[in-house]
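For the sequence shown, the residue numbers in our numbering are 3 to 100. All C-beta atoms in this analysis are idealised placements derived from N, C-alpha and C, irrespective of residue type, glycine included. Quick caveat, the model's predicted, so the values are computed rather than measured. Take a look at the structure below.
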Amino acid sequence: MTAYAFQTELWRYEGEAGWFFVSLPTELADTIRAEHGPQARGFGSVKVSVRLGSSQWATSVFPDAARGTYLLPVKKSVRLAEGLDAGDTVAVELTVFG
Numbered sequence: 003m004t005a006y007a008f009q010t011e012l013w014r015y016e017g018e019a020g021w022f023f024v025s026l027p028t029e030l031a032d033t034i035r036a037e038h039g040p041q042a043r044g045f046g047s048v049k050v051s052v053r054l055g056s057s058q059w060a061t062s063v064f065p066d067a068a069r070g071t072y073l074l075p076v077k078k079s080v081r082l083a084e085g086l087d088a089g090d091t092v093a094v095e096l097t098v099f100g
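Following this line, the structure appears as structure tokens:
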């Protein structure tokens, strides 16, 4: 397992579902692609463990060709527990599995 730490902005996808995401720094996305290669799982996702503030959970990051990076979904329970909204800067610890 490989762990990474970074800061980035939380943003809201303006589609019907209104999901919230953070975009991984492009250098980190390049490293993940190089070290973990294209994944056969759904949509090229990569399994990760995340710590954001006092919240920790397992999820996947998903490639976003338009931004040239991976997107990390941030679920509502985490946003509420951490008092976060779109535009907030968050510190993320990300561990990649496999």
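Identity of the residues DSSP links to residue i by a beta bridge
i: Phe88; result: Checking the sequence, you will find Ala at residue 88 rather than Phe. Looking at the DSSP assignment, Ala88 forms no beta bridge with any residue, so it has no partner.
i: Val24; result: Leu12, Leu74
Buried versus exposed call for residue i [16 or more other C-beta atoms within 10 Å across all chains shown]
i: Leu82; result: exposed
Residue interval of the beta strand (DSSP E) (run including residue i)
i: Ala5; result: 4 to 14
i: Phe64; result: 57 to 66
Run of the alpha helix (DSSP H) containing residue i, from where it starts to where it stops
i: Arg53; result: Arg53 -> not in any alpha helix (DSSP H); beta strand (DSSP E) instead, spanning 48 to 54.
Distance CB(residue i)-CB(residue j) smaller than 8 Å
i: Val50; j: Thr97; result: yes
i: Ala7; j: Val94; result: yes
i: Ser57; j: Glu84; result: yes
i: Ser25; j: Thr10; result: yes
i: Pro65; j: Gly46; result: yes
Original post:
Quick one: any contact between the segment 21 to 32 and the segment 65 to 78, if contact means 3 or more CB pairs under 8 Å?
Top reply: For the pair of segments examined, the segment 21 to 32 was found to touch the segment 65 to 78: the number of CB pairs separated by less than 8 Å reaches three.
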